[in-house]
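Data block below; observations after.
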Amino acid sequence: MERLDKLLASTGRWSRKDVKELVRQGRVTAAGRQVLRSEEKFELSDDIFVDGVAVCCQKFTWLMMNKPAGLLSATEDKRQKTVLDLLPEHYQKQGLFPVGRLDKDTEGLLLLTNDGDLAHRLLAPKSHVDKVYLARVTGRVEQTDVSAFAQGMVLDDGLECMPAGLEPLGDGSSCLVTLREGKFHQVKRMLAFRGKPVEYLKRLSMGPLKLDEALAPGQWRQLTAGELEALGRAELDGK
1147 MERLDKLLAS TGRWSRKDVK ELVRQGRVTA AGRQVLRSEE KFELSDDIFV
1197 DGVAVCCQKF TWLMMNKPAG LLSATEDKRQ KTVLDLLPEH YQKQGLFPVG
1247 RLDKDTEGLL LLTNDGDLAH RLLAPKSHVD KVYLARVTGR VEQTDVSAFA
1297 QGMVLDDGLE CMPAGLEPLG DGSSCLVTLR EGKFHQVKRM LAFRGKPVEY
1347 LKRLSMGPLK LDEALAPGQW RQLTAGELEA LGRAELDGK
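The sequence shown begins at 1147 in our numbering and counts up by one.
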């Protein structure tokens, strides 16, 4: 159980001082009754309303975003806009951060959360959580490239890359890349090493989560309970 003022303040919409005033004015109900003290404790599962509007109180927030090109996968930057700039103010106050990074010009699935423990476990090399990307390249992906990816490779700069999946699409100018690690610019560096510079890159999935096709670039939504459960299983199973 948690104090009501802590629960409501965790949403980023009110400070604890604000919650105390809301309670004093009789504007908060929880577990089917009016709250009399902001210090009262409730379960996360209890129905909480402010001015008759339901408030979702949860320990951690998980969002799926269709990241557009042109934004940094960072919490803040003094010179450029970040993915957090797309979120409403109350989410920006919750301490959300990107789970892994997508390059500034890369689009697609990006998870945002304030659950540091699970995020760290998902990104840990030993978890081997698959990440699938759609890439458009200069040139054509050949079977020799597929074999090279499957064997793993050491790039000219010494970067060691684990075995990865590479599937040509259509005439070979597009392909699917599946990684089980996430080193800096890895997809671009691996394809460039094979003489196939990347022109366009989009992440389609991460573990069991696929990018919601209903999300336009720049849009986001909360993960469902089922998606969160699947994400936790992926971390445990290393898939």
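Cβ atoms here follow ideal geometry from the backbone N, Cα and C, with glycine treated the same way.
query: If you check the beta carbons only, do Arg1326 and Asp1276 fall under 8 Å apart?; result: yes
query: Can you tell me whether Thr1182 is buried or exposed? The criterion is at least 16 other CB atoms within 10 Å of its CB, across all chains shown.; result: According to the sequence provided, residue 1182 is Leu. The question's Thr does not apply to it. By the neighbour-count rule (16 or more Cβ atoms within 10 Å), Leu1182 is not buried but exposed.
query: Considering only residues of the same chain and omitting the five flanking positions on each side of Lys1385, which have a CB-CB separation below 6 Å?; result: Confidence in Lys1385 is poor, its pLDDT being 47 and thus under 50, which makes the residue's placement too unreliable to answer from.
query: Counting pairs of beta carbons, one from the region 1273 to 1288 and one from the region 1319 to 1334, are three or more of them closer than 8 Å?; result: yes
query: What is the DSSP secondary structure of Glu1186, counted as helix, strand or coil?; result: coil
query: When you compare the CB positions of Thr1207 and Thr1259, do they come within less than 8 Å of one another, or not?; result: yes
query: Determine contact between the region 1243 to 1252 and the region 1215 to 1228, defined as no fewer than three beta-carbon pairs at a distance below 8 Å.; result: yes
query: Report the rounded CA-to-CA distance for Ala1265 versus Leu1233, giving the unit in angstroms.; result: 19 Å
query: Between the region 1333 to 1343 and the region 1359 to 1374, can you find at least three pairs of beta-carbon atoms closer than 8 Å?; result: no
query: Would you mind stating whether Leu1255 and Leu1374 have Cβ atoms separated by less than 8 Å?; result: no
query: Can you give me the Cβ contacts of Ala1380 inside the same chain, cut-off strictly under 6 Å, excluding the 5 residues immediately before and after it?; result: Val1275, Gly1353, Pro1354
query: Helix, strand or coil for Lys1385 per DSSP?; result: Low confidence applies to Lys1385: its pLDDT is 47, below 50, so where it sits in the model is not reliable, and the reading given next is rough at best. Note: Lys1385 maps to coil in three-state DSSP.
query: What's the gap between the Cα of Leu1242 and the Cα of Asp1263?; result: 13 Å
query: If we ignore side chains and look at the alpha-carbon of each, how far apart do Thr1311 and Phe1295 end up?; result: Checking the sequence, you will find Gly at residue 1311 rather than Thr. Cα to Cα, Gly1311 sits roughly 6 Å from Phe1295.
query: Can you check which of these residues, Ala1281, Phe1339, Ser1293, is closest to Asp1303 by C-alpha distance?; result: Phe1339
query: Where does Lys1213 land, buried or exposed, given buried means 16+ other C-beta within 10 angstroms?; result: buried
query: Among residues of its own chain, excluding the 5 on either side of Leu1190, which ones have a beta-carbon nearer than 8 Å to its beta-carbon?; result: Glu1148, Leu1153, Cys1203, Gln1204, Lys1205
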